[in-house]
Amino acid sequence: MHVIETDKLTKRFGNFTAVDRISFRVESGEIFGFLGANGAGKTTAMRMLCGLSVPTSGKATVAGYDVYKKSEQIKKHIGYMSQKFSLYADLKVWENIRLFGGIYGLSEKRLADKTDELLHTLNLENERNALVGSLPLGWKQKLAFSVAIIHEPAIVFLDEPTGGVDPVTRRQFWELIYDASARGITVFATTHYMDEAEYCNRVSIMVDGRIEALDKPSVLKETYHAENMNEVFRSLAKKATRGE
Amino acid sequence: MNPFVSFTRKEFYHIFRDVRTMAILLIIPVILIILFGYAISTEIKSSPLAVLDYSRDEVTNRLTEQLQAGEYFTVYRTVDSYEEVETLFRQGKIRLAVVFPAQFSSTGQPAVQILADATDPNEATALLQYATAIISTSGVAGGNLSAEAGRPGVVPTANLLYNPQMKGAYNFVPGVMGLILILICSMMTSVGIVKEKESGTMEILLVSPLKPVYIILAKATPYLLLSMINIATILLLSRFLLDVPVAGSMILLVSISILYALVSLCLGLLISTVADTQQAAMLISGMALMLPVMLLSGMIFPVENMPWILRVLSAIVPAKWYIIAVKDVMIKGLGIEAILNEIGVMLCMILFLIAVSVKRFKTRL
């Protein structure tokens, strides 16, 4: 089953075509890297898939629900974490967990279990009552990711989740992503870091609103005769005519 | 767990954690009441007065005593020349001077000259009125002056119905209520919503199953509660500190306060759809809401005396309608039938603001 399926999905703002007829499929449990330079249309595409923005034309389903008609259903089955840090700094760690658990309608019992489990996995048991604002950025990002999948969504959207985080923490963050993927949660992530692109099962590269390449990192490197994903990305991004 | 309850609880955390802001919000009404009640008083009390008496007879002595006797004036000094009066005015020792000419009571047409330091025109007008009233109603002058002047004619008797002591509190207490509710409900709500936009949490909320209308309601609930606490503070202070009791129905007063708070919340919501940063939200609510409330609501300056364009503008200031309604209920003790007009206007404002905000909120997504 395909968790995400799009067919010529397009978004225009006036004369500007931000996303130009993109068609792709994401398998269940896959880690899908969604790459592109700034302004290539990644965020707009992601917003359409999350039900935040209505497409101009084309078709798309997320978790089996149509993005035009069933955006409320989509919202129940996805998790989302943005590049901006997205927990409440003036709330304690457990209060943040309980808030988002509550928003997604988890039962009191399930929420209590989930909170303990999550704090244990993240090694944050001693920080249970700490204000989130007082945690180091890397911890916050890991906590934000865990909270984003607290309701075991079919798919989690990550919008540059590791921005500004040191390499060690980034590595730990990706371990959390692998865990989630192993549990069957599909991961759809945009990133700026090309080494992270190598961690993905498949990546797509957007240039000027279109998907220029989509395959396994190893296949892409072969096709473009590149040493690493960075070179693949650069050779594709050269074609861009759009400014930032 | 109920999503709405979780979210509302979070809003309370935000407010309680920010101790400084909460303290300010709770203390503001107290400060305003004290400021308006004691510092920015428009009432006249013990204004220093000089008497220049060229006549020095029994009648003028009694008049001087009459002026001194009331609570409005104290005779600062009895002087002997205009030069002295001028010096006292210049030094700021007196606000008013009364001049009795020579042979005051024996002339056919006795006249009194009153000089005022009119640098503050409102105060001067009030002082002149009080002094004139004291002199013309005092038995001495009344019998003597008007009878001998040969025009006993009409003597108007003014009777101040709802505010016999001419207390400023009767005017500013409703004004302060109007100001506080706008401040808390509009400014704090808009800042609260814009803060979520700024920090990126709004995005998370919008992709969650939580309906936008719940987000807004949850944001508004704590501030509505806080503003009601403030209304209670103001009413208690005005009852026990300023001696302004609530003449009419308490339930009606609270109901119109909630209605006005809802108008303010809708205004705050509208601002939050326009502003992108907390500073912008602050500035817009400060400039576009606070100033009109202070200047155009009739709280400080009477709307009736304004040029027509300002009078028209004042009609779209919600506080104006609220203050009229509060005065009717609180001071005059009138019932709901007297303020149907004001209630109607505020209801229309709510409908209009919700329609516009919802439209803007949607297009933003």
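Chains as they are written, first to last, in the working numbering: chain A, 1 to 244; chain B, 245 to 609. Here a beta-carbon is modelled for each residue, glycine too, at the ideal position from N, C-alpha and C.
Taking C-beta atoms under 8 Å as the contact rule, A/T241 and A/K42 fail to qualify, at a distance of about 17 Å. For the C-beta of B/L497, not a single chain A residue is nearer than 7 Å; the gap to the nearest is close to 35 Å. As the crow flies, the alpha-carbon of A/A63 is around 19 Å from that of A/F145. Rounded to the nearest whole angstrom, the CA to CA distance from B/T252 to B/L461 is 8 Å. Contact between the stretch 420 to 437 of chain B and the stretch 469 to 476 of chain B is present: three or more C-beta pairs spanning the two stretches fall below 8 Å. Restricting attention to A/V67, A/I103, A/E231, the CA atom closest to the CA of B/P247 is found in A/I103.
Judged by beta-carbon spacing, A/N129 lies within the 9 Å limit of A/V93, meaning their Cβ atoms are closer than that value.
When the Cα atoms are used, B/S350 and B/N549 turn out to be separated by approximately 42 Å. If you draw a straight line from the Cα of B/P551 to the Cα of B/P365, it comes to about 18 Å.
Per the DSSP secondary-structure output, A/M1 pairs with nothing in a beta bridge. CA-to-CA, the gap between B/M431 and B/P536 works out to about 14 Å. For A/K238, not one C-beta of chain B is nearer than 9 Å to its own C-beta. The alpha-carbon separation between A/G138 and A/F173 amounts to approximately 8 Å. The beta-carbon of B/K289 is placed no less than 9 Å from the nearest beta-carbon of chain A. The C-beta separation of A/K114 from A/I150 comes to about 6 Å, placing the pair in contact by the 8 Å criterion. Less than 9 Å divides the Cβ of B/L540 from the Cβ of B/L554. With the rule of 3 Cβ pairs closer than 8 Å, the stretch 9 to 19 of chain A counts as touching the stretch 39 to 56 of chain A. For A/M81, same chain residues with a beta-carbon under 6 Å away, outside a window of 5 residues either side, are A144, F145, A148, L158, P161 in chain order.
At a cut-off of 9 Å between C-beta atoms, B/D262 counts as an interface residue with respect to chain A. A/R202: not part of any alpha helix (DSSP H); member of the beta strand (DSSP E) spanning 202 to 207, first to last residue. About 6 Å separates the CB atoms of B/A525 and B/I515; that is less than 8 Å, so the two are in contact. One alpha carbon belongs to B/L279, the other to B/R261, and they sit about 28 Å apart. Using a 10 angstroms sphere on the CB of B/Y467, the tally of other CB atoms reaches 16 or more, which defines it as buried. Listed in chain order, the alpha helix (DSSP H) runs fully inside the stretch 110 to 150 of chain A are 137 to 148, counting runs of at least 4 residues.
Think of a sphere of 9 Å around the beta carbon of B/V600: no beta carbon from chain A falls inside it, the nearest being about 21 Å out.
When beta bridges are read from the DSSP output, A/Y65 appears opposite A/V62.
For B/S349, there is no enclosing beta strand (DSSP E), as DSSP marks it with neither H nor E. Taking 8 Å as the upper bound for CB-CB distance, B/G512 and B/G577 are not in contact here, some 32 Å apart. CA-CA distance, A/G184 to A/H77, rounds to 13 Å.
In the DSSP assignment, the residues bridged to A/M81 are A/L158.
Here B/P551 carries a coil assignment [DSSP, helix/strand/coil]. Of all residues in the stretch 444 to 461 of chain B, those with a C-beta nearer than 7 Å to a C-beta of chain A are G444, T445, E447, I448, L450, V451, S452, P453, L454, reading in chain order. Ranked by Cα distance from B/L276, the options B/W565, B/K564, B/L479, B/V547 are led by B/L479. With respect to A/M206, A/N228 sits apart: the two C-beta atoms are not nearer than 9 Å. A contact is defined here as three or more CB-CB pairs under 8 Å, and the stretch 438 to 450 of chain B fails this definition with respect to the stretch 291 to 310 of chain B. For B/F251, the chain A residues whose C-beta falls within less than 9 Å of its own C-beta are L99, G102, I103, listed in chain order.
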